[in-house]
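K.L.:
Listed in order, the protein sequences are those of chains A and B.
In this text, residue positions in the first sequence follow the working numbering: the first is 2, and each later residue adds one.
In this text, residue positions in the second sequence follow the working numbering: the first is 4, and each later residue adds one.
We put the CB at the ideal spot given by N, CA and C, even for glycine.
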Amino acid sequence: MNLDAIREKLGYQPVLLGTVALLVSGALAVAASSTHDAIAAAEAADLRNSLSEVLPKGFADNDLVKDVVTLQYKDKPLTIYRARLGSELKGVVFQVSERGYSGEIAVLMAVDVSGKMLGARVLKHTETPGLGDKIEIAKDKWILSFDGKSLGEPPADKWAVKKDGGVFDQFAGATITPRAVVKAVKGGMVFFSEHKTDILGG
Amino acid sequence: MADSNTPSVGNVMKEGLWGQNVVFAQLLAMCPTMAVTTSGTNGLGMGLATTAVLIVSNILVSMIRHTVSSQVRIPVFVVVIAGLVTVVDMALNAWMHDLYKVLGLFIALIVVNCAILGRAEAFAVKNGVLISAVDGLAMGLGFTGALTVIGLIREFFGSGTLFSNASNLLGPGFAFLEMKLPGYGGALLMILPPGGFAILGFLLAGKRAMEARQARHAGKPAPAHAEPAHC
């Protein structure tokens with residue numbers, strides 16, 4: 002039978018749709034399974050890179066990815082990476098997130114044992130390119146303004162963007178994004194001070 | 004769906020780059036156009052990623068054009084294109100992770116770019132595989148050019164820079180492209196969506212005026228207005 006005649010039959014269309022859906026799903030499954038390990042490895046490498054980036058050079062000499070403690074934060078398990086120099090615990094690194102202008106902003110922050118910020122970096126976000134993406138270190142130095150801050154310095158009510166009476170700059174045209182980052186980091190600082198013994202001892 | 008006469012490569016290239024330019028003539032793909040053209044670099048990155056997807060999707064659609072019946076072609080193309088974009092997204096993430104970190108934001112946006120489906124419908128389904136690939140390339144490059152131009156203009160007036168962060172996308176060798184106007188704070192309006200629409204409007208008006216003048220010189224009536232598309 003010739004193809005044109007088959008193609009016009011009613012039964013041909015659901016079969017065709019089903020076949021295409023199956024083939025594409027199959028292709029996606031193959032792609033997902035063959036890229037899974039590589040993506041996981043790439044993300045782990047990213048994590049190691051970012052972990053070492055929020056800590057000052059020579060701050061720790063252990064493999065942070067292997068020295069972890071898990072606590073509940075906002076009803077979700079939170080992995081806390083601990084930085085040691087020799088065997089002495091020097092500080093911790095963990096990830097916080099907050100809803101920004103268009104989706105979650107994931108921030109990695111490092112705090113030393115006394116509760117002072119060592120640094121913060123945005124890991125993942127979907128903010129507007131050209132406006133909100135200044136929270137990335139690659140685009141702007143803004144994220145460095147957290148370095149050296151602690152819960153008393155500035156005082157708690159100054160942990161906000163300047164528009165809200167705080168000490169952190171906002172960007173022209175994007176207030177929601179930096180506000181979310183500040184809120185996320187502040188939440189992390191409060192969490193650290195409240196659970197200090199669990200985090201450092203556990 | 005018999006193949007019509009195959010258009011010439013030169014003609015396809017000309018139409019894609021200028022005559023039927025995705026942005027300036029067909030007014031397609033307005034969502035990604037407004038969303039990513041806040042800087043020249045973003046426009047360029049989005050354009051290149053779209054070009055790659057457009058070429059492959061045109062090839063795929065052209066390959067299956069005899070099998071697909073016309074009643075269900077749209078859902079079939081949508082599934083094929085969405086699957087393709089997802090595979091590209093995962094492959095880039097896995098094996099070109101550094102590039103993915105720059106382009107990753109744009110890849111998912113390509114699915115909602117109706118220029119891809121538009122070319123499948125308007126060209127690939129009626130033409131052979133090779134010429135469809137050429138059409139994908141031409142349309143993609145036309146799109147890239149349009150996004151880059153709009154991005155550069157918005158970036159220049161909006162932030163006073165040109166191609167900022169281009170070295171993130173293209174590699175450190177392209178740092179020379181990056182320019183900055185010293186002491187210019189930028190006009191925020193240009194970065195926000197209204198600036199995008201305004202710039203696009205001026206560019207469209209410019210293109211129309213140019214075409215009308217060419218037509219007058221040639222003694223022909225001005226070309227018909229482009230039909231605005233639906234997305």
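#1: Where does the unbroken alpha helix (DSSP H) through A:Phe192 begin, and where does it stop?
#2: According to DSSP, is A:Phe60 part of a helix, a strand, or is it coil?
#3: On the CB-based measure, 16 or more other CB atoms within 10 Å of its CB, does A:Pro78 come out buried or exposed?
#4: B:Gly121 and B:Leu31 look like a contact to me (Cβ under 8 Å); what is the Cβ gap, rounded to whole Å?
#5: Tell me B:Met182's beta-bridge partners as DSSP assigns them.
#6: For the stretch 20-47 of chain A, which residues have a beta carbon sitting closer than 7 Å to at least one beta carbon of chain B?
#7: Does B:His220 pass the burial test, meaning 16 or more other C-beta atoms within 10 Å, or should it be called exposed?
#8: Which of helix, strand or coil does DSSP assign to B:Arg76?
#9: With a cut-off of 8 Å, does the C-beta of B:Cys234 fall near any C-beta of chain A?
#10: Check the Cβ-Cβ distances between A:Ala173 and every residue of chain B, and say whether any is below 8 Å.
#11: Whole-angstrom Cβ separation of B:Val15 and B:Val137, contact assumed at under 8 Å?
#12: To which residues of the same chain is B:Gly189 closer than 6 Å at the C-beta, ignoring the five residues directly before and after it?
#13: Measure the Cβ-Cβ separation of A:Pro57 and A:Leu119 and say whether it is below 8 Å.
#14: Pick helix, strand or coil for A:Phe140, following the three-state DSSP scheme.
#15: Helix, strand or coil for A:Ser98? Go by DSSP, reduced to three states.
#16: Counting only the same chain and skipping the five closest in sequence on each side, list residues whose C-beta sits under 8 Å from that of B:Phe200.
#17: Does the Cβ of B:Asn130 have 16 or more other Cβ atoms within 10 Å, making it buried, or fewer, making it exposed?
#18: Drop a sphere of 10 angstroms on the beta-carbon of A:Ala42, count the other beta-carbons inside from all chains shown, and report buried for 16 or more, exposed for fewer.
#19: When you compare only the Cα positions, how much space is there between B:Cys234 and B:Ile119?
#20: If the cut is a Cβ gap below 7 Å, which residues of chain A does B:Pro78 touch?
#21: In terms of residue numbering, what span does the alpha helix (DSSP H) encompassing A:Arg8 cover?
#22: At a Cβ cut of 8 Å, what residues of the stretch 118-140 of chain A count as close to chain B, listed as they run along the chain?
#23: Output the distance between the C-alpha atoms of A:Glu9 and B:Ser73, rounded to the nearest integer angstrom.
#24: Give, in chain order, every residue of the stretch 74-100 of chain B whose Cβ lies closer than 7 Å to some Cβ of chain A.
#25: Establish whether the CB of B:Asn8 and some CB of chain A are separated by less than 8 Å.
#26: DSSP three-state label for B:Thr54, please.
#27: Rounded to a whole number of angstroms, what is the C-alpha to C-alpha distance between B:Arg68 and B:Pro35?
#28: So, is A:Trp160 buried or exposed, given that buried needs 16 or more other C-beta atoms within 10 angstroms?
#29: B:Ser42: which of A:Arg180, A:Pro156, A:Val112, A:Leu132 sits nearest, CA to CA?
#30: I need the straight-line Cα distance from A:Gly27 to A:Pro15, nearest angstrom please.
#31: Return the first residue and the last residue of the beta strand (DSSP E) that A:Thr71 is part of.
#32: Are any of the Cβ atoms in chain B nearer than 8 Å to that of A:Leu206?
P.N.:
Taking the structure as given:
#1: 177-195 is the extent of the alpha helix (DSSP H) around A:Phe192.
#2: In the structure shown, the three-state DSSP call for A:Phe60 is coil.
#3: Burial call: exposed.
#4: With a Cβ gap of about 5 Å, B:Gly121 and B:Leu31 count as contacting.
#5: As a beta-bridge residue in DSSP terms, B:Met182 pairs with B:Leu165.
#6: Cβ contacts with chain B come from Val21, Ala22, Val25, Ala28, Leu29, Ala32, Ala33, Thr36, Ala39, Ile40, Ala43.
#7: It is exposed - the Cβ of B:His220 has fewer than 16 other Cβ atoms within 10 Å.
#8: If DSSP states are grouped into helix, strand and coil, B:Arg76 belongs with the helices.
#9: With a pLDDT of 48 at B:Cys234, under the threshold of 50, the modelled position of this residue cannot be trusted; read the value that follows with caution. No, B:Cys234 lies away from the interface with chain A (no Cβ there is under 8 Å from its Cβ).
#10: For A:Ala173, a Cβ of chain B is located within less than 8 Å of the residue's own Cβ.
#11: For B:Val15 against B:Val137, the beta-carbon gap comes to about 5 Å, under 8 Å, which counts as contact.
#12: The beta carbon of B:Gly189 is closer than 6 Å to those of Gly161, Ser162, Gly163 in its chain, skipping five residues each way along the sequence.
#13: Inclusion of A:Pro57 and A:Leu119 in the CB contact set at 8 Å is warranted, their separation being smaller than that value.
#14: Note on identity: in this sequence residue 140 of chain A is Lys, with Phe being the wrong assignment. In the three-state reduction of the DSSP assignment, A:Lys140 falls in the coil class.
#15: Correct three-state label for A:Ser98: strand.
#16: Spatial neighbours of B:Phe200 in its own chain (CB-CB distance under 8 Å, excluding positions within 5 residues in sequence) are listed in chain order as Met37.
#17: B:Asn130 should be labelled buried.
#18: With fewer than 16 Cβ atoms within 10 Å of its Cβ, A:Ala42 is classed as exposed.
#19: For B:Cys234, the predicted structure reports a pLDDT of 48, less than 50, and the residue's modelled location is therefore unreliable. A value from the coordinates is still provided. Looking at the two C-alpha atoms, the distance is approximately 12 Å.
#20: Chain-ordered, the chain A residues with CB closer than 7 Å to the CB of B:Pro78 read Leu18.
#21: Segment 4-9, the alpha helix (DSSP H) holding A:Arg8.
#22: The stretch 118-140 of chain A vs chain B, Cβ under 8 Å: Thr127, Thr129, Pro130, Gly131, Leu132, Ala139, Lys140.
#23: Spanning the alpha carbons of A:Glu9 and B:Ser73 requires a straight line of approximately 9 Å.
#24: Listed in chain order, the positions of the stretch 74-100 of chain B with a beta carbon within less than 7 Å of a beta carbon of chain A are Gln74, Val75, Pro78, Val79, Val82, Val83, Gly86, Thr89, Val90, Met93, Ala94, Asn96, Ala97, Trp98, His100.
#25: False, the Cβ-Cβ gap to chain A never drops below 8 Å.
#26: B:Thr54: helix per DSSP, three-state reduction.
#27: Between B:Arg68 and B:Pro35, the C-alpha separation is close to 27 Å.
#28: So A:Trp160 counts as buried.
#29: The closest CA to that of B:Ser42, considering only A:Arg180, A:Pro156, A:Val112, A:Leu132, is found on A:Leu132.
#30: Each residue's alpha carbon lies about 18 Å from the other.
#31: Taken as a continuous stretch (DSSP letters only), the beta strand (DSSP E) holding A:Thr71 covers 69-74.
#32: Nothing can be reported for residue 206 of chain A: it is not among the residues displayed for chain A, which extend from 2 to 203.
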